[in-house]
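Quick note: the sequence shown uses the numbering used here, first residue 58, plus one each step.
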Amino acid sequence: SSGINAEYGGGKEITYADSSKVLGIYLDRRLDFFTHAGYILKRCWFAWNRLSADTNRMGGLNSSALSLLYKTVVLTKLYYGAPIRLCRRVDYFKDFTSRARLKILGAQMHCTKLLSELLTTVPPIEVTLKVLVAKFTLKGLKSEDSVTAKILQIEAEQNHEYYWHSTETKRFLKWKRSNGQDAASMQRTSMRTRSLSEYDETDIFYSPEDMRQYSCSLWDTLLKANIGDMTKKDEFTLAPLHSFEELAKLVDTSVALETPIITRDLTRQNSTAVLDFVHGHCLRFQNFAFSYLKYDPAIAVPVCLECGLLPDSPSHKLLECSAVEDVTALREQVASVAGYEKNFHIALIFSKDKNTKRAFRELVASVVDQSVYGDGLLV
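Now the structure itself:
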């Protein structure tokens with residue numbers, strides 16, 4: 058039938074619809090939330106385009122201000138109802154979030170996802186989703202009995218689509234009991250040994266600080282497991298000075314969030330330049346330009362255009378280039394991160410020393426001011 062008889066519809070025929078909006082979420086006939094995902098994506102793009110329309114690499118809002126607006130205005134739309142519908146459609150928003158991070162950074166080219174998330178101080182969607190699921194489930198357990206009963210019923214059905222909600226919640230509770238000391242093992246441990254019904258009100262209580270620390274611990278685990286994706290290779294060095302294990306020990310996202318490299322007082326032009334030197338995906342650096350144009354390293358060496366002596370890279374420009382004058386004192390102030398050479402950016406991001414990050418910003422400004430060549434296509 059194409060509809061419901063008029064006598065049951067108050068004198069009007071009730072027709073079938075492909076989707077219906079309930080509490081701000083579109084429910085479609087397949088319950089795959091595809092319709093809602095498209096609706097949310099359009100809202101996110103509209104809001105983001107309004108916020109970033111007047112910002113480019115050299116003018117407008119700096120990366121710190123733009124990141125704050127992105128998180129408070131755009132991501133709040135994306136994460137509305139996330140525990141119910143986003144788990145099925147995480148990949149649907151990858152292109153949008155990637156382009157947004159590129160805009161925030163002011164970069165010419167995309168750098169790795171993990172590095173761009175760190176530099177924009179925007180946690181990965183998968184990390185935020187796990188935190189939201191834990192909060193959602195814990196609030197349900199503190200709600201009325203019918204809601205609690207439904208959550209416990211889902212927990213008992215391992216084939217239920219939302220069974221993983223209870224699993225992630227128990228991981229958070231176990232992490233909380235361990236005082237956050239063993240966050241990585243929480244992801245590997247089976248959560249079937251204890252039921253949610255066995256936790257009392259004290260256990261399921263959480264504070265905003267608990268969730269912030271848990272988010273950072275999940276983010277740390279993700280970064281440590283994929284630290285190789287954040288490193289930069291040196292084609293002219295046989296063996297790196299620091300192994301992946303040594304670099305992984307530096308990871309501490311709480312430090313990166315508390316002492317960001319970019320401060321709100323920087324201009325857009327300055328923040329773009331600083332981030333260019335951190336991620337290195339900029340055509341001002343010959344090593345990246347040669348890689349982008351797929352030059353054969355056996356034939357052509359990406360020599361620095363300023364000094365003409367050594368292969369070019371962000372670390373060379375900052376720490377070695379002889380064409381840059383009057384920066385000896387600044388180079389000494391960033392010596393704690395300079396020892397990591399090509400991967401100085403990892404040590405810098407997770408450095409607790411605000412003076413080191415301040416000296417780095419000043420060093421970048423001095424190098425850029427003295428550079429004859431800018432960030433155009435210089436090869």
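The C-beta atom is built at its ideal place from N, Cα and C for all residues, glycine as well. Please read all numbers here as calculations on a predicted model, not as lab measurements.
Just so you know, the alpha carbons of Phe193 and Leu186 end up roughly 10 Å apart. By alpha-carbon distance to Pro359, the top candidate from Ser203, Thr324 and Asn344 is Asn344.
Here the region 132 to 144 makes no contact with the region 304 to 315; the two share fewer than three CB pairs at distances below 8 Å.
Here His336 is not near Ser121, since their CB atoms are 9 Å or more apart.
Selection Ile82, Leu88 and Leu126 evaluated against Asn106 yields Leu126 as nearest (Cα-Cα). The Cβ atoms of Leu279 and Glu183 lie closer than 9 Å to each other. In this structure, Val190 sits near Cys144, with a CB-CB distance shorter than 9 Å. Here Leu275 is actually not in contact with Thr226; their C-beta atoms are around 13 Å apart, not less than 8 Å. Bridge pairing for Tyr83: Lys78 [DSSP].
Between Gly163 and Asp277, the alpha-carbon positions lie close to 25 Å from each other. For Leu405, the closest alpha carbon among the candidates Val381, Leu304, Ala422 and Ala139 is that of Leu304. No residue range can be given for Ser235, since it is assigned to no alpha helix (DSSP H) and is classified by DSSP as neither H nor E. Using a Cβ distance threshold of 9 Å, Leu123 and Ile318 do not count as a contacting pair. Just measuring C-alpha positions, the residue of Ile161, Arg156, Val147 and Tyr73 sitting nearest Leu118 is Ile161. The three-state reading of DSSP puts Pro368 in strand, counting E and B together. Our two residues, Phe90 and Ile97, have alpha carbons roughly 10 Å apart in a direct line. In the three-state reduction of the DSSP assignment, Val360 falls in the strand class. Under the three-state reduction of DSSP output, Ile403 falls in the helix class.
Rounded to the nearest whole angstrom, the C-alpha separation of Lys99 and Arg156 is 14 Å.
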